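S.K.:
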Amino acid sequence: MTQTSPDILFDLDADALTALRRARLEQTLDRVFAAHPHYRRKFAELRMARADLQSLGDLRRLPVTTKADFMGDPASFQLRPEGAADDEETVVWDVMYTTGSSGAPAPFVSTAYDFVNILALNRNMLRLRGVTAGDSILNLFPLTKYPHGAFIRVLHAASSMNIPVVSAMPGRANPRRPELNNGLDEVVALAERTRPTILWGVPSYIRRLIGRAEEMGIALPSVRLVFVTGEGFGEEARADLVARLERLGAASPWISVSYGATEMQGGLVECAHGSGYHNPAPDQFLFEAVDPETHEPVADGEEGLILLTHLDRRGTVMLRYALGDVARLARGTCPHCGARTERIVSMPRRVDGLVKIKGMLVNPQALVDAVQGEPALLDFLAVVEKENPAEPLSMDRLRLRIVAAAGADAALEQSLAARVQRAIGVTPHVERTTADDPLLAGRGWKVQPLIDLRKAKA
Ligand SMILES: [Zn+2]
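The sequence shown begins at 47 in the numbering used here and counts up by one.
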């Protein structure tokens, strides 16, 4: 593997890194001012010229871009250079979708230029997580209807470091091609046969896989790394997973948690337990933390709304984009691995009102809108909880507790389940209750249509 330029994570001093990031931003801004429909409108409203944005700090003159801005008109976030040559900056390589719930999933477009950057950032994610040439991956993400970074980028990450990957293809079978999907027992058998060193997937699924392997008496001694995303994954869950893996023969497994986003096509990752989540590509992404109300910068280490700026993209481009979470941001060199890049040093928490259920970002209002049109429904409450509250990594379950009008027939449950599924992509268990249900009593219909019981157990 040739490494001709300096290593972006470890070789550059602070000044050289700042100069490089600024140069990347300059090139991106030139294109944004020329051909980005959304920001061209914004710049015109703000009477802002290209010359007003010279340094990384000048970005603060721009207002925060929200998820609603993007979801409302995702096509306007794609660079549209007129009469541009058909080169790597403009050729559309792939399109991934945000798994949002309000309206259609929003496409996030990567050009051939961006895809090379994605490979580079995936490679850095693996390096930060301690992956070596001897490792091999078991990809445990399911296929999804909309192309999504989780399943696909694992394959690209393996490419970026020339290591083997086996995709286990778990999840619900496609009725057209049922032979493509594997049940849990088949996935356990695959794990035994292929001897991966890395399990990469959704925490609740990995937990089920390991539990089933234990039941079946199958050892997984080759596993040394587990890659999961951070949603609801606390210390207890981490310790539990390590203990279970050790019972399956793994010598000293460690769990590397990431904070991923469609808008990165990757994630910020831990290099060690408690190290914080590293920006894997400081030449591609700039992070800021600002006050959630005033949008003024907060001091390093203070909790703030996390903003992402694309320094080096050519397809979908975002500047000061609020990922929807607040967290604490640290700059400078990581004391564990020596990487010089930003780290998110607290577990991010959502502030945009969206709730994550089974990995889907759900807007509670979309659920309310979907069921309110049902005349036989008198009252309802949506409850999201763990299928097994005692298990930290248990799957999420959405229950819709309903009070039905007298004489409402049994088709009501089915009709409501289908309405909710269409609106937010998650099928609820619909159960009838009465108006004196303690969960329904003493809560406002509009104020809190969805109760999240998972947090109380975390
Ligand atoms: Zn580190």
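Beta carbons are placed, not taken as given, at the ideal position from N, Cα and C, and that holds for glycine.
Treat the numbers as computed from the prediction; the structure is a model and nothing was measured.
By Cβ distance below 7 Å, which residues in the same chain neighbour Leu400 in space, the five residues on each side in sequence not counted?
M.R.: As a first step, residue 400 is located in the sequence shown; it is residue number 354 there, counting from the start. Taken in chain order, the residues that qualify are Gly370, Leu407, Val408, Asn409.
S.K.: Provide the residue span of the beta strand (DSSP E) that contains Tyr305, from first to last.
M.R.: Counting from one through the sequence shown, the residue named residue 305 turns up at place 259. First-last of the beta strand (DSSP E) with Tyr305: 300 to 307.
S.K.: Assuming contact is defined by CB atoms lying nearer than 7 Å, are Leu314 and Ile390 in contact in what I supplied?
M.R.: Here residue 314 corresponds to residue number 268 of the sequence shown, with the count starting at 1. Here residue 390 corresponds to residue number 344 of the sequence shown, with the count starting at 1. Contact: yes.
S.K.: Strictly by DSSP, which residues pair up with Thr275?
M.R.: Position 229 of the sequence shown, counted from the start, is the residue given in the question as residue 275. DSSP output for Thr275 lists Ser304 as bridge partner(s).
S.K.: From this set, Phe56, Thr362, Ser51, which residue's C-alpha is nearest Arg386's C-alpha?
M.R.: Counted from its first residue, the sequence shown places residue 386 at position 340. For Arg386, the nearest C-alpha among the options comes from Phe56.
S.K.: Does the region 190 to 209 come within contact of the region 218 to 228, defined as at least 3 CB pairs closer than 8 Å?
M.R.: The answer is no - the region 218 to 228 does not touch the region 190 to 209, with fewer than three Cβ pairs under 8 Å.
S.K.: DSSP state of Tyr143, grouped into three classes?
M.R.: Locating residue 143 in the sequence shown gives position 97, counting from the first residue. Looking at Tyr143 - three-state DSSP - the assignment turns out to be strand.
S.K.: Beta carbon of Ser321: closer than 6 Å to some heavy atom of ligand 3?
M.R.: Within the structure as shown, ligand 3 is missing, the only ligands being ligand 1.
S.K.: Given that a residue counts as buried once 16 or more other Cβ atoms are within 10 Å of its Cβ, and exposed if not, what is Val138?
M.R.: Here residue 138 is taken as the residue at index 92 of the sequence shown, counted from 1. It is exposed - the Cβ of Val138 has fewer than 16 other Cβ atoms within 10 Å.
S.K.: Quick one: grab the DSSP three-state call for Leu99.
M.R.: Stepping through the sequence shown from its first residue, residue 99 is reached at position 53. It is coil, neither helix nor strand.
S.K.: With hydrogens ignored, establish whether the beta-carbon of His475 is closer than 6 Å to any heavy atom of ligand 1.
M.R.: The count along the sequence shown starts at 1 and reaches residue 475 at position 429. Every heavy atom of ligand 1 is 6 Å or more from the Cβ of His475, so no.
S.K.: Can you tell me which of the three DSSP states Asp498 falls into?
M.R.: Your numbering for residue 498 matches position 452 in the sequence shown. Of the three classes helix, strand and coil, the one that applies to Asp498 here is strand, per DSSP.
S.K.: Is Glu91 buried or exposed, if buried means 16 or more other CB atoms sit within 10 Å of its CB?
M.R.: In the sequence shown, residue 91 corresponds to position 45, counting from 1. When all chains shown are included, Glu91 counts as exposed.
S.K.: Let me know if Ala502 comes out buried or exposed under the rule of 16 or more other beta-carbons within 10 Å of its beta-carbon.
M.R.: For this step, residue 502 is matched to residue 456 along the sequence shown. Here the model assigns Ala502 a pLDDT of 48, short of 50, so the residue's position is not dependable and the matter cannot be decided.
S.K.: Apply the 10 Å Cβ neighbour rule to Met262 and answer buried if 16 or more other Cβ atoms are within range, or exposed otherwise.
M.R.: Along the sequence shown, read from residue 1 onward, the residue named residue 262 stands at position 216. Per the 10 Å Cβ criterion, exposed.
S.K.: Under DSSP, the alpha helix (DSSP H) around Tyr159 begins and ends at which residues?
M.R.: Looking up residue 159 in the sequence shown gives position 113. Start and end: 158 to 174.
S.K.: Mind pulling the beta strand (DSSP E) runs of 3 or more residues that sit fully within the region 51 to 96?
M.R.: Listed in chain order, nothing qualifies, since the region 51 to 96 has no complete beta strand (DSSP E) run of 3 or more residues.
S.K.: Please confirm whether Arg366 and Thr111 have their CB atoms less than 7 Å apart.
M.R.: For this step, residue 366 is matched to residue 320 along the sequence shown. For this step, residue 111 is matched to residue 65 along the sequence shown. Against a cut-off of 7 Å, the Cβ pair of Thr111 and Arg366 comes out as a contact.
S.K.: Between the Cα of Asp61 and the Cα atoms of Val417, His341, Cys383, Gly378, which residue gives the shortest distance?
M.R.: The residue labelled residue 61 in the question sits at position 15 within the sequence shown. Nearest C-alpha to Asp61: Gly378.
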